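Order-wise, the sequence lines are chains F and X.
Every letter in the first sequence is one number past the one before it in my numbering, and letter 47, counting from 1, is 47.
Every letter in the second sequence is one number past the one before it in my numbering, and letter 211, counting from 1, is 342.
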Amino acid sequence: MEEFLSLIIEKYNYWIYITLMMIGLYAMIAKNNLVKKIVGMNIFQTAVILFYVSTGVKKGATIPIIEHGHDVAHQAVRAADYINPLPHVLMLTAIVVSVATLGVALAIAIKVYHRYLSLEEDEILEQIRGL
Amino acid sequence: MSEHYPALLVILPLLASFFISAAGWLRPVYCFPLAVAALGSSLLVSLGVLGDVISGGPVSYWMGGWPPPWGIYYRVDYLNALVLAVVSAVGFVNLIAARPSVEKDFPEKAGPFYTLYVLFVTGLLGMVATGDAFNLYVLLEIAAITGYALIALGKGRAALSSLHYVFLGTIGACFYLLGVGYLYIITGSLNMEDIARLLPPLYDSKVVTVAFAILMVGVWLKMGFFPLHAWLPNAYTYAPSPVSSLVAPLMTKVMVYVMIRMVLTVFTVDFAFLVLRLNEVVVWLAVIAIVMGSLLALAEKDVKRMLTFIVVAEVGYMVGGFWLGNQAGFTGAVLHILNDALMTLCLFLAVGNIVHVKGDSRWESLPGLFRTMPWTMGALVVGALSIIGVPPTCGFFSKWYLLLGAIQGGHYGFLLALLFSSLVSVVLFFRIFEIGFFEPFGASHGSAHGEGGPAIQEAPLGMLVPLWMTALGLILVGLYTGEIVGRVIRHAVPGMML
């Protein structure tokens with residue numbers, strides 16, 4: 001039990017991202033309303049972003065900006081003093097992608113609404129079967 | 132100039148899409164010529180790269196001059212040079228054929244359509260050319276997002292189908308991203324060759340196994356590999372015909388390429404085949420995909436929808452052929468990427484012509500088509516023979532290699548699945564030919580077999596010429612299979628499979 005607890009506490013960032021991801025997946029599968037599904041999709045994407053960002057963290061490190069003082073500039077940079085900026089930079093791109101996906105999904109949802117006058121999936125499927 | 136080809140391949144259409152978008156607002160007449168110029172030049176560039184690779188071996192390109200582990204790195208070798216040429220050729224031919232139906236179905240959306248079209252091809256070309264795992268994700272999403280928008284242009288259920296595709300496509304892309312994330316945690320690199328260099332001591336690590344599993348599921352979801360194919364038939368059926376004939380031949384094939392690239396270059400063959408020993412399982416999955424795709428196709432009464440299930444079965448061919456893990460299987464899989472892109476293009480273009488003239492492609496609109504649309508149906512016959520695998524067409528040769536691979540690998544389940552699917556294809560297509568050829572018209576044409584018969588009612592020349600170029604391409608590629616395999620594919624086979 002103790003081992004299990006320490007496993008959760010030590011790697012809590014992974015547990016949080018998995019939980020968030022499953023919430024998103026659940027919403028995408030189980031929700032009936034298309035907008036709720038889209039929100040679930042966005043939570044799913046955000047979970048991956050959180051995962052990446054959390055991998056850049058180092059204990060006791062600071063933000064990766066090197067000071068331009070006269071005495072600091074020529075000293076060697078110790079990587080352990082700075083958090084890893086690369087995952088954060090990657091996630092800037094991923095955030096843009098997820099915004100674009102969200103935008104396209106919402107636009108398509110509007111198109112669906114104009115056609116079926118509903119965003120509830122069961123009502124839409126009923127209309128399709130009725131046709 | 133020629134050393135910048137790998138970058139130009141992606142940058143030319145990317146920049147052109149901005150101009151096409153602007154032209155859509157100001158002078159919509161310029162959209163189509165701009166798109167033709169953009170994709171035509173990337174076709175020339177990709178053929179140039181292919182020539183360079185054949186004559187001088189793989190080509191590398193450092194974006195902005197940054198050396199590989201840090202900068203974005205494009206690498207074109209024997210495998211992706213071929214896929215690049217296929218992608219740009221299919222994109223270009225289909226663009227020419229798209230014009231009449233765009234003008235008929237949604238003339239007011241011509242600007243956005245051509246912009247999205249060119250961006251989609253940009254994304255695919257980038258995915259194929261890049262040697263950077265994260266860059267591949269970004270380009271994957273460019274292709275996917277433009278693909279969703281293109282599919283949603285269709286009528287009826289298109290929007291809903293596209294939305295389902297958005298959900299599943301996003302899950303697939305996120306899984307890919309997550310897999311790359313795990314690889315980054317364990318190796319600290321995003322460059323494919325660099326990861327491959329750092330991985331061997333870590334093969335026992337669970338992180339690498341998890342990365343591999345997540346990544347493969349993501350890629351399979353994107354390519355519509357059988358149990359994960361649910362989004363594919365509806366999305367491809369309800370999309371406007373110029374979009375289906377673009378997305379159906381390219382998206383699945385490029386994802387198969389991504390799978391091969393990930394296994395070959397990133398995880399290496401040793402890891403996938405010797406450490407994980409996944410080959411047997413995946414080949415059986417492919418067998419199920421082929422059989423189920425063929426059976427589901429039998430149940431359809433709409434040519435376009437039937438073709439989408441054939442696409443599902445064909446994905447099984449390529450995945451299975453690659454995972455057989457021998458030289459013949461690998462050659463068959465890569466050759467089938469080329470052939471299947473052309474066959475699917477030919478069939479979807481033919482169906483696009485039928486939809487353009489008749490309004491839909493259900494069984495009911497087929498009778499008498501051989502008389503009213505002889506050119507379209509002629510090309511459909513060539514495409515169908517290629518899917519079935521009749522010798523002069525290219526479909527025969529890739530199927531031959533796949534069968535050879537199955538025999539060499541001793542995998543008789545895959546062998547039987549291939550033969551079964553070929554027989555089912557015979558039934559599928561000859562049913563169409565029978566309806567189109569022998570079934571009489573409705574009551575109004577009671578004397579159809581009399582003199583003259585109904586007048587010819589063909590699709591416009593702008594659609595027939597690309598269709599017949601593709602149909603002749605099928606035969607030409609078939610005749611030159613030996614050249615293609617000997618000069619290009621043979622060099623792409625990894626050492627372990629020889």
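C-beta atoms are modelled at their ideal positions from N, C-alpha and C, and glycine is treated no differently.
Here the structure is a predicted model, which is why all the values come from computation and not from measurement.
Check	Outcome
From X:Ser320, X:Gly254, X:Phe251, X:Tyr136, residue whose alpha carbon lies closest to that of X:Gly202	X:Ser320
Rounded Cβ spacing between X:Tyr268 and X:Tyr307 (contact assumed at less than 8 Å)	6 Å
Under 7 Å from the C-beta of F:Tyr52: neighbouring residues of chain X	Gly312
Backbone secondary structure at X:Arg288 - three-state DSSP	coil
CB contact below 8 Å: X:Ser293 versus chain F	yes
Contacts of X:Tyr367 in chain A (Cβ-Cβ under 9 Å)	Any reference to chain A falls outside this structure, whose protein chains are F and X.
Interface positions of the stretch 14-47 of chain F facing chain X (Cβ-Cβ less than 7 Å), listed along the chain	Met28, Leu34, Lys37, Met41, Phe44, Gln45
Assumed close pair X:Val397, X:Ala264 - CB separation to whole angstroms, cut-off 8 Å	7 Å
Selected residue, minimal CA-CA separation from X:Ser173, among X:Phe149, X:Tyr204, X:Val217, X:Pro199	X:Val217
Contacting residues, own chain, Cβ-Cβ under 6 Å from X:Phe560 (five flanking each side not counted)	Ala515
Contact under 8 Å by Cβ, X:Leu270 with X:Gly257	yes
Whole-angstrom distance between X:Leu405 and X:Ile391, CA atom to CA atom	16 Å
Endpoints, beta strand (DSSP E) assigned at X:Arg230	Taken as a continuous stretch (DSSP letters only), X:Arg230 belongs to no beta strand (DSSP E), being part of the alpha helix (DSSP H) at 209-236.
X:Thr462 to X:Phe298 span [Cα, whole Å]	34 Å
Contact with chain X by F:Arg129, beta-carbon distance below 8 Å	no
First through last residue of the alpha helix (DSSP H) which encompasses X:Ser191	Element bounds for X:Ser191: not the alpha helix (DSSP H) but the beta strand (DSSP E), 190-193.
Boundaries of the alpha helix (DSSP H) in which X:Met437 is found, first to last residue	434-454
4 or more residues per run - each alpha helix (DSSP H) lying fully within the stretch 135-172 of chain X	136-157
Simplified DSSP assignment, three categories, for F:Glu120	strand
Limits of the alpha helix (DSSP H) - the one that X:Lys489 falls within	458-489
Chain-order list of residues whose beta-carbon lies under 6 Å from that of X:Ala574 (same chain, five-residue window excluded)	Low confidence applies here, because X:Ala574 scores a pLDDT of 44, under 50, leaving its location unreliable and the question unanswered by this model.
Contacts of F:Ala100 in chain X (Cβ-Cβ under 7 Å)	Ile276
Amino acids of chain X, ordered along the chain, whose beta-carbon sits closer than 8 Å to that of F:Lys111	Ala283, Ala290
X:Ser211 vs X:Ala260 beta-carbon contact at 8 Å	Note that residue 211 of chain X corresponds to Asn in the displayed sequence, not to Ser. Yes; because the gap between Cβ atoms is below 8 Å, this pair is in contact.
Secondary structure of F:Asn32, DSSP reduced to three states	coil
Sub-8 Å separation of X:Trp506 and X:Leu595 beta-carbons	yes
Length of the line joining the Cα atoms of X:Leu673 and X:Val176	This structure gives no information on residue 673 of chain X, because the portion of chain X shown stretches from 132 to 629.
Residues that X:Glu272 contacts on chain F, provided the C-beta gap is smaller than 8 Å	Val97, Ala100, Thr101
C-beta neighbour in chain X for F:Ile124, strict 8 Å	yes
F:Ala94 at chain X interface by Cβ criterion, 8 Å	yes
X:Asn322 in three-state terms, based on DSSP	strand
Within 8 Å, strictly: CB atoms of X:Gly424 and X:Leu352	no
C-beta neighbour in chain F for X:Val269, strict 8 Å	yes
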